[in-house]
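Everything below concerns the one structure shown next.
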Amino acid sequence: MKSEGAKRGLNKGLGIADFLLRLGAIITALAAAATMGTSDETLPFFTQFFQFEAGYDDLPTFIFFVIAMALVGGYLVLSLPFSVVTIFRPYAVAPRLLIFILDTVALTLTTAAGGAAAAVVYLAHNGNSSTNWLPICQQFGDFCQNVSGAVVASFVTVVVFMMLILLSGFALKRR
Numbered sequence: 001m002k003s004e005g006a007k008r009g010l011n012k013g014l015g016i017a018d019f020l021l022r023l024g025a026i027i028t029a030l031a032a033a034a035t036m037g038t039s040d041e042t043l044p045f046f047t048q049f050f051q052f053e054a055g056y057d058d059l060p061t062f063i064f065f066v067i068a069m070a071l072v073g074g075y076l077v078l079s080l081p082f083s084v085v086t087i088f089r090p091y092a093v094a095p096r097l098l099i100f101i102l103d104t105v106a107l108t109l110t111t112a113a114g115g116a117a118a119a120v121v122y123l124a125h126n127g128n129s130s131t132n133w134l135p136i137c138q139q140f141g142d143f144c145q146n147v148s149g150a151v152v153a154s155f156v157t158v159v160v161f162m163m164l165i166l167l168s169g170f171a172l173k174r175r
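Going by the UniProt record's numbering, 152 is the number at position 152 of the sequence shown; the sequence numbering is gapless.
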């Protein structure tokens with residue numbers, strides 16, 4: 001039978017792991033939003049007066065992605081104090097339950113934004129011959145690299161959220 005101190009130490013360790021995972025998720029979520037938000041490329045065509053431009057704000061899906069990832073990053077920053085509470089009060093159920101529920105909502109939003117953006121990035125790389133959409137990544141290589149990197153960062157955020165939810169569920173189950 002485990003002693004009370006060992007249980008408290010494990011719960012405190014779960015709180016520390018939660019805090020560190022949140023810091024990692026903040027970095028990846030805000031990096032995804034910033035990378036997508038700053039992705040644009042201009043190609044001159046014959047003259048300087050006639051140019052082709054690709055930017056994230058040309059597609060509503062990418063705008064949704066930037067807003068969603070910024071919201072998720074903001075939520076993660078605001079959830080840090082609750083995570084700290086779980087370190088110093090490892091048996092407090094209310095903060096753990098609150099961040100468990102809100103993490104699930106944030107996971108859903110992050111997955112939706114990443115999945116929608118991934119579909120558009122796929123079309124940018126491969127096109128669609130049935131609808132005569134040509135791939136644009138041969139012309140706008142830097143733009144495609146930036147948006148692809150942002151999508152990858154969003155899916156890293158999704159994985160971190162899954163670990164946070166599992167961690168919170170495990171901590172709640174131990175009550």
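Note that beta-carbon positions come from the ideal geometry of N, C-alpha and C, so glycine has one too.
C-beta atoms of Ala-153 and Ala-31 nearer than 8 Å: The answer is yes: Cβ separation under 8 Å.
Measuring only the C-alpha atoms, how far is Pro-135 from Leu-10? The straight-line gap from Cα to Cα measures roughly 52 Å.
Take every Cβ of the segment 104-120, pair it with every Cβ of the segment 55-62, and state whether three or more of those distances are shorter than 8 Å. Touching, yes.
Where do the ends of the alpha helix (DSSP H) carrying Gln-145 lie? Membership of Gln-145 in the alpha helix (DSSP H) is indicated by the continuous run 141-173.
Let me know if Ser-130 comes out buried or exposed under the rule of 16 or more other beta-carbons within 10 Å of its beta-carbon. With fewer than 16 other Cβ atoms within 10 Å, it is exposed.
Just how far apart, CA to CA, sit Met-1 and Arg-174? With a pLDDT of 47 at Met-1, under the threshold of 50, the modelled position of that residue is not reliable, and the figure given next carries that caveat. Counting only the Cα atoms, Arg-174 lies some 14 Å from Met-1.
Please report how far the alpha carbon of Leu-71 lies from the alpha carbon of Glu-41, in whole angstroms. Spanning the two alpha carbons is a distance of roughly 25 Å.
Residue range of the unbroken alpha helix (DSSP H) whose run includes Gly-74: Residues 60-88.
Three-state secondary structure assigned by DSSP to Met-1: Note that Met-1 has pLDDT 47, beneath the 50 cutoff, so the model's placement of it is unreliable and no number is given.
Counting Cβ pairs closer than 8 Å, one from the segment 132-147 and one from the segment 84-99, do we hit at least three? No, the segment 132-147 does not touch the segment 84-99.
Here's the rule I'm using: 16 or more other beta-carbon atoms within 10 Å means buried, otherwise exposed. How should Val-151 be labelled? So Val-151 counts as buried.
Unbroken alpha helix (DSSP H) run spanning Asp-103, endpoints: Its alpha helix (DSSP H) spans residues 93-126.
I'd like to check one pair, Ala-34 with Phe-140: are the Cβ atoms closer than 8 Å? Contact flag unset, no.
Once you ignore the five residues that flank Val-160 on each side, which residues in its own chain have a CB closer than 6 Å to its CB? Excluding positions up to five away in sequence, the list reads Leu-21, Gly-24 and Ala-25.
Between the Cα of Leu-78 and the Cα atoms of Pro-90, Tyr-56, Gly-15 and Asp-103, which residue gives the shortest distance? When only C-alpha atoms are compared, the closest one is Asp-103.
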